[in-house]
Structure formats: structure tokens, C-alpha cells
Amino acid sequence: MPTVRLSIAASSKETGALLMQYLEDRGVNLGRSTTHGICYGGSIDHTEHVLNQRCNTDKITRMEAMQAHGVRTVPWFSKDNWDRIPARALTYPLLARKSYGFGGTDIVPIFQPEELPWRIAAGWDWFSQYIPVRTEYRVWLFQGECIGMYEKVMQRPADYKYIGRNFRNGFEFQQVVPLHGICDLGDDALRAIGLDFGAVDILVGMDNQIYVLEVNTAPGVLASHAEPTLAILADRMTSWVRHTYVQGLAI
18 MPTVRLSIAA SSKETGALLM QYLEDRGVNL GRSTTHGICY GGSIDHTEHV
68 LNQRCNTDKI TRMEAMQAHG VRTVPWFSKD NWDRIPARAL TYPLLARKSY
118 GFGGTDIVPI FQPEELPWRI AAGWDWFSQY IPVRTEYRVW LFQGECIGMY
168 EKVMQRPADY KYIGRNFRNG FEFQQVVPLH GICDLGDDAL RAIGLDFGAV
218 DILVGMDNQI YVLEVNTAPG VLASHAEPTL AILADRMTSW VRHTYVQGLA
268 I
């Protein structure tokens, strides 16, 4: 097999180290290849064969792509068009987000209209409607295959100090049997963005509708106990490397 460049987002160093180990255990040579690359939240330029090439897009770009392809996302808007939205169409509270936030650390609430321009002035980029939650899932997909699905379940209420259903706020990720409707929506989201793989956060609202919250291109696994799913992802990556390498020899 060729040497493969694995580009890892700065926010996923621990997961990246584990992924590197998994790939090396499967015989993948990791280095500074200029012909084969795998993007895990980072960016790869001047490389001929890239898996997940669009993984470094910002969150607004990904939300726009999903919206353009009719994927049901949480209602949202960017700082560039907020003043063109009729006031009656905005239901508070809203959640302010940043283009490159991770782990929910960028999320802050907006309780009333005059706060919106203040948040924009303070550096927030986009805003989503708050949807009352029945439950939330994270679904991992690789090229249309659902390779893992987790439900976010509250286990440590004393840690619920911030906003968001994540590990630091007391939620544990419990692996569940994949649900076709959830996996299908996640696959629609990845296809709209042009991604080969990712972990899609999907909300089931109290209105019984399902919504894409966001697409994670460099999901962490240690806190969510998703190491088995990362191992499956490494298997699929290894198969991709072998396939593209054999194709290259055949040309």
C-alpha cells in the first residue's frame, strides 16, 4: 500500500492518535504522501486521492449545503441575513453558534430580540432555533453505511452546568441499534455536504420531528466510548486505501 497522509483537526488529538494506531495496526503506512490522504477534520491540499476531501468546511457552509439539498435541519440563519428575517419568524430563545466551535463550548443563548445584534458584535456567526428535545442521537456513517449509532443519555445531572447534550454536561453516549430513519437522514446530510464519512448529531423533538443539528467531521470517541466504531471506521479507511491503490496500479 502507498504511504497515506492523515490530516487531523487540532481539536481531535487524542482521537487522532488512536485512529493512527488503528490504521497502522491494519498495515496502513502513515506519512507525508502527496497522492493519498484521509481528512479527519483537517485539510489536505495538492493530493490526488483524498477521502473526505470537504471535511474542513465551516459549519455555516455545511448548513447551507444541507439546506440547498432539502435536508431537514434545525431552523437557522447566519449573521449576514438576520436583519432580513421578519421579526415574527424568530421565536426565542435562540442559540448563538460560531463557525468553527466544537464540543458545544461556543453555544450561548439569546433570550430576546435586542440581544441578537449584541451577540453578532461579540463574534458569534450563526443562530439556530431552540427545539424542545425528546432525545438526541449521534450516528456514524461511511459512504452510506451506518457503522454506529449512539443515544445521548443523562447520567450525571450534577455536571449539567452548560448548554448542550455532551459528556461535559453529564451525558453518556449509549450505543443503540441503528434506526433506519435516523441513519437515512444522517446519510442525506453527508451526501449534501459531499463527505465520505462523519458523525451526525440528530435531534428528535417533542414535536416528533427529526432534525440534523450538525455534522462532525472530526468526532471525538474517548468521552463517548465510541472506540469500537472508530475501529470500524479504520477498517473502512483501510479498504479505501487498498482499493484506490489497486486502481492506481491498473491505470
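For the sequence shown, position 43 matches number 60 in this note's numbering, and the numbering has no gaps at all. Quick reminder that beta carbons are idealized off the backbone N, C-alpha and C, glycines included.
Figure out for me which residue from the options has the closest Cα to the Cα of residue i.
i           : options              : result
residue 23  : 86, 60 and 161       : 60
residue 148 : 84, 229 and 248      : 229
residue 18  : 31, 239, 43 and 98   : 43
residue 159 : 117, 206, 96 and 150 : 206
residue 244 : 197, 165 and 254     : 165
residue 175 : 103, 186 and 181     : 186
residue 163 : 46, 54 and 247       : 247
residue 132 : 96, 161 and 191      : 96
residue 189 : 197, 173 and 100     : 173
residue 120 : 223, 254, 239 and 64 : 239
Hey, how far is the Cα of residue i from the Cα of residue j?
i           : j           : result
residue 252 : residue 80  : 29 Å
residue 21  : residue 122 : 32 Å
residue 157 : residue 249 : 10 Å
residue 35  : residue 90  : 31 Å
residue 30  : residue 41  : 16 Å
residue 86  : residue 180 : 29 Å
residue 51  : residue 262 : 13 Å
residue 168 : residue 256 : 28 Å
residue 54  : residue 130 : 45 Å
residue 268 : residue 67  : With a pLDDT of only 41 at residue 268, under the threshold of 50, the placement of this residue in the model should not be trusted, and no figure is reported.
residue 170 : residue 94  : 28 Å
residue 82  : residue 126 : 25 Å
On the criterion of 16 or more Cβ atoms from any shown chain inside 10 Å, does residue i qualify as buried, or is it exposed?
i           : result
residue 128 : exposed
residue 152 : exposed
residue 33  : buried
residue 213 : buried
residue 194 : exposed
residue 225 : exposed
residue 209 : buried
residue 142 : buried
residue 241 : buried
residue 114 : buried
residue 136 : buried
Practice item. Decide yes or no for the touch test of the segment 193-207 against the segment 71-78: beta carbon pairs closer than 8 Å, at least 3 of them. Key: no
Exercise for review: Within the segment 35-81, note down every full beta strand (DSSP E) run reaching 3 residues or more, in order along the chain.
Suggested key: 53-57 and 66-68
Review point. Are three or more beta carbon pairs between the segment 234-248 and the segment 207-226 nearer than 8 Å?
Key: In short, these stretches touch, since the Cβ pair count reaches three.
Point to revise | Any beta strand (DSSP E) of 3 or more consecutive residues that is wholly inside the segment 178-229 | key: Note on the segment 178-229: whole beta strand (DSSP E) runs with a minimum of 3 residues are 188-192 and 214-222, in chain order.
Review point. Is there contact between the segment 133-147 and the segment 106-117, where contact requires at least three CB pairs shorter than 8 Å?
Key: yes
**Study point:** Completely contained beta strand (DSSP E) runs for the segment 128-170, where each covers 3 or more residues
**Key:** 143-146 and 150-159
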